[in-house]
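Single-structure report; data block below.
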Amino acid sequence: MSGGGRVQGLSRSCILLIVIAGMERFAFKGVASNLVTYLTDVVQMSNSSAAKTVNSWCGFTSMLPLLVAPLADSFWDRYSTILTSSFVYVLGLGAVASTATIWTWSPPSNKSSPAFLFWSLCLISLGQGAYNPSLQAFGADQLDHDEELPSSKDDKSSNKKSLFFQWWYFGVCSGSLLGVILMSYIQDTFGWILGFAIPMFAMITSVAIFTCGNRIYAYKPDKSIDSKPFQNILQVIKVTASKLVNGRIRINLPNDKSDVGELELQEKPLCDQKFGSNGGFDGNPRNKTYLLENAKIVLRLLPIWAMLLMFAVIFQQPATFFTKQGMTMKRNIGRNFKIPPATLQSAITLSIILMMPLYDKVLIPITQIVTRNQKGITVMQRMGVGMFLSIIAMIIAAVVETKRLEISKKMSSLESETVELSIFWLLPQYVLLGISDIFTVVGMQEFFYNEVPVRMRTMGFALYTSVFGLGSFLSALMISVIEAFTSSGGRQSWFSDDMREDGLDKYYWLLALASTLSLLFYAIFSKFYTTTSELENGNCK
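Per mature numbering (1 follows the signal peptide of the UniProt record, and there is no 0): the sequence shown = residues -25 to -1, 1 to 516.
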């Protein structure tokens, strides 16, 4: 490996890519964290419309990797994908900055203005859709070859992968923290032009740094892996569907020497198959069962993937309704300084940065003693703990919102919307969400990375981001349905623009209940799920 010297068990190239990932998060959070305020104050959207717009955009952004990653895995190398997508990313950031420049002199007054902003945001989504999974997969490629294999039996290499994902998340959280705190303050104090221009220049700088690291990167094309995994999975889905009718069919195999091959679908359980050295079953892509078994690896992840969606819905709240809550609460520090509500999102990333070392130094050693497991707790247990903590965070949010509504309803309608309740009452829910992140989000990255074939690693990261993508769309759908239902008959919607009359406390209780049901089903599915390493060892449940 050409990675050079090592720090904390990671190569120089890994560390450089972690820094670059942090700069990208700074740029993205610099736009996304306070976007709901930009939409309500500048674009003049209602609270519910702004929240749905932010949720839909975040969902689109997170879902795109699921569409782009197969193309990157099949046709492009990761380095070229990173460079190309970063150009689109910068173009989108520049377009968003231009809207702030134009609307400073000529406020938006027609439908074309918000449409231009929307397409500018879509450019960011398109760039990030290819950029993020490719960059993270490229970073994981810097690990030694034996550590890259999901079937590795070496505990040391497994721990090294965990170390990489934890420091990767530490890096992106550090960038997010700086983006939320610094850019929210600049946008509220100095205006949106500077507030959107800085993220654009930060992204340009990160691309320049990335290209300067060419000499220390490890490039690992693996010609033994089939070059078109996405197309192959589609083939296998057709095979499986046809099996229900015929039991035996003919399919086209990815073999240049043979146009048609015959495949008899086997009834043997997945764990009876032999693992090859490439992280798939019998790593030869020309083997008759290779496509079917690798497709099973991906398809069997779907129940776990689906149960993580409510966790993603909860994580849409800080950038939308939590921020709008904060705008109605007492935000003064001293006489002249007011805390921008969006900066409280930094409590999530700050708690991650502070608690991550404690996770490694305190929690893991304790759980190692209790469970007698080298890793302390399994990846799936780790994700479950985070889901539980997110439910507690929503319960606390509901209680605080109930208190805020009680105070606001006692106030005269002529008084300011600001209630005599400190914004710091929102801190516990933010901190708990940050701690849940350490468990669930880091666990998700490691889980999806380990459970897909080597050649589909970019797809694995796309599966992880797509959880938050579909979660964003699900959040927007829930808002639309609840708003339509609660506003019928002339009643006030739960998402009323009048924050004295909203029903956010009921919405938070609903999210807590739905997340509890998801956690219950997650525990059931996890009980019967067999990991790739267990399949390798033949330890079927």
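Yeah, the Cβ is synthetic: ideal placement off N, Cα and C, and Gly gets one too.
Beta-carbon spacing of residue i, residue j below 9 Å
i	j	result
I339	I352	yes
F140	E476	no
I168	T76	yes
I289	Y497	no
L(-9)	G188	yes
I99	V182	no
L153	L438	no
E395	I410	no
residue 597	M355	Shown here, the chain extends from -25 to 516; a query on residue 597 therefore has no answer.
V273	S326	no
A25	T295	yes
A281	M175	no
R306	T393	yes
G301	I398	yes
7 Å CB neighbourhood of residue i in its chain, flanking five on each side removed
i	result
D480	A373, E376, T377, L380
V491	Reading the sequence as shown, one finds Thr at residue 491 and not Val. If we look at T491 and ignore the five residues flanking it on each side, its Cβ neighbours are I366.
K243	At K243 the pLDDT is 38, less than 50, meaning the model places this residue with poor confidence; the figure from the coordinates comes in the next sentence. The answer is none, since no qualifying residue turns up.
F145	I328, M331
T74	F91, L92, S95
G478	T461, W469
K313	R306, N307
Among the options, the one whose alpha carbon lies nearest that of residue i
i	options	result
S159	N311, V288, T12	T12
V416	L283, T346, F448, V337	L283
F1	S109, D16, A90, F171	F171
D116	K336, I410, K136	K136
S95	G154, Y504, F35	F35
Y64	L39, L101, L92, R275	L101
S60	A489, L39, A498, T74	L39
T56	L138, T186, A177, K4	T186
G359	P315, S501, V155	S501
T298	L276, S321, I(-6), F423	S321
I(-6)	L10, W143, S462	W143
Y106	L276, E(-2), D163	E(-2)
G104	P89, G67, L138	G67
P89	F62, L14, L138	L14
K384	M431, T346, T303	T303
I191	G166, L118, I173	L118
L58	F312, I184, I344, R275	I184
M431	M20, W51, R357	W51
G(-4)	M386, A177, A70	A177
Close Cβ partners of residue i (< 6 Å) along its chain, the five nearest in sequence each way excluded
i	result
P403	I371
Q291	N30, S447, S450
C33	S447
M285	A489, S490, S493
A287	V442, F443, G446
W400	V375
G361	S411, F414, T415
residue 521	The structure shown does not extend to residue 521, since the chain is modelled only from -25 through 516, so no value can be given for it.
N9	S159, Q162, A317
Q343	G351
Assumed close pair residue i, residue j - CB separation to whole angstroms, cut-off 8 Å
i	j	result
R53	S(-15)	Rounded, the Cβ-Cβ distance is 16 Å, inconsistent with contact.
G150	C(-12)	The Cβ separation is near 16 Å, so there is no contact.
Y334	I413	6 Å
G418	V427	Rounded, the Cβ-Cβ distance is 15 Å, inconsistent with contact.
S455	K27	7 Å
P315	D163	4 Å
L452	M369	Not confirmed; about 18 Å, so no contact.
Neighbourhood of residue i by C-beta, 8 Å cutoff - its chain only, sequence neighbours within 5 removed
i	result
E458	S23, S468, W469, F470
I179	V65
D16	none
I499	none
T324	C148, S149, S151, L152, V155, G409
S463	none
9 Å Cβ cutoff, residue i in contact with chain C
i	result
M285	Checking the listed chains, one finds no chain C in this structure; it contains a single protein chain.
Residue i Cβ short of 8 Å to the ligand PLP heavy atom set
i	result
L39	The model on display carries no ligand, and the ligand PLP is accordingly not part of it.
- Task: Let me know the alpha helix (DSSP H) ranges lying completely inside the stretch 282 to 306, each 4 residues or longer, listed in chain order.
- Result: 284 to 289, 296 to 302
- Task: Scan the stretch 339 to 401 and note each continuous alpha helix (DSSP H) run of 4 residues or more that stays entirely inside, going in chain order.
- Result: 339 to 346, 354 to 385
- Please list the segments of the alpha helix (DSSP H) lying wholly inside the stretch 35 to 79, counting only runs of 4 or more residues, in order along the chain. none
- Message: Going residue by residue through the stretch 413 to 488, where are the continuous alpha helix (DSSP H) segments of at least 4 residues, counting only ones entirely within it?
- Response: 432 to 461
- Which residue spans inside the stretch 129 to 178 form an unbroken alpha helix (DSSP H) run of at least 4? 130 to 165
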